[in-house]
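Shown next, in structure tokens, is the structure this report addresses.
Residue numbers (the numbering used here): 8 to 292.
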């Protein structure tokens, strides 16, 4: 899905705080042109960004550029978890930071975000107070605090660079619009039958040419993308109370238990029953 991010007229960036108790909808697989800096206080989860997946076990701190497809980063397994998301547009860099030569290191950091940066746990812990301080600040204080965080990150070398991404800015606008339509089709149809013939016809392709188009744009096969999307939905459903394996299987678009189990293990590293057992163990202890 193309996510629309609104920044108020009296601010240069958007900041939101989410807690495990908040009853907020997951964004699912989405994309937006804004840069994104995400602090997840604790818990384990999966970073699914572009064609790369990596897990975290005690929260995470991620920085990525715009136009990179990704799923939600946070988790809901810890009652005291907190996720702080900061998003800003390209003009934050072009119109504001470039005015000051003193921000040279921060500008280099922002350029590196095109490669997707995941900072080490010690870096995350060291900046936790600054991230949690946002809720007590006015807009001016928030900007100063953000620049302080970016300054500290620009001096860090303790991060994992996930990959050189393929920003959608490299493609024609019409192709990006067609890809958005394909994402929207899967988002609306994932619990029902997904037809390559139907989506291809909607976009003006033959089935074979649509599959080639989708692979060119995402580096993924369409059926693989659909299965990944459905498994991400299955994880969301498992995180809801009183969700059985068979209920989650059907709600996420699968109708064969063995196939569902194989796909879940492929994308989550464990079977559905093992995932449910792990969640139960964590809730008990």
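Here a beta-carbon is modelled for each residue, glycine too, at the ideal position from N, C-alpha and C.
- For the pair residue 122 and residue 11, the Cα-to-Cα distance works out to about 23 Å.
- Secondary structure note for residue 60: its beta strand (DSSP E) is the uninterrupted segment 59-63.
- Secondary structure of residue 90 (DSSP, three-state): strand.
- The shortest CA-to-CA distance from residue 161 to any of 129, 282, 118 and 250 is the one to 118.
- Under DSSP, residue 24 forms a beta bridge with 91.
- Contact between the segment 97-115 and the segment 132-146 is absent: fewer than 3 CB-CB pairs across the two stretches fall below 8 Å.
- Excluding five sequence positions before and after residue 19, the CB atoms of its chain that fall closer than 7 Å to its own CB belong to 95, 99, 103 and 150, given in chain order.
- Within a 10 Å sphere around the beta-carbon of residue 168 sit fewer than 16 other beta-carbons, which makes this residue exposed.
- Under the DSSP assignment, residue 210 falls in the alpha helix (DSSP H) whose first and last residues are 203-210.
- The C-beta distance from residue 166 to residue 125 rounds to 6 Å, short enough to fall under 8 Å.
- Cβ atoms of residue 75 and residue 101 stay farther apart than 8 Å, at about 19 Å.
- Membership of residue 45 in the beta strand (DSSP E) is indicated by the continuous run 42-47.
- Non-local C-beta neighbours of residue 55 in its own chain, meaning closer than 6 Å and more than five positions away in sequence, comprise 78, ordered along the chain.
- Around residue 23, the same chain offers 92 as residues with beta carbons nearer than 7 Å, after the five sequence neighbours per side are excluded.
- Counting only the Cα atoms, residue 53 lies some 7 Å from residue 60.
- The C-beta distance from residue 229 to residue 203 rounds to 6 Å, short enough to fall under 8 Å.
- With contacts defined as CB atoms closer than 8 Å, residue 81 and residue 131 fail to qualify as a contacting pair.
- In the DSSP annotation of this structure, the continuous segment of the beta strand (DSSP E) that includes residue 55 starts and ends at 52-56.
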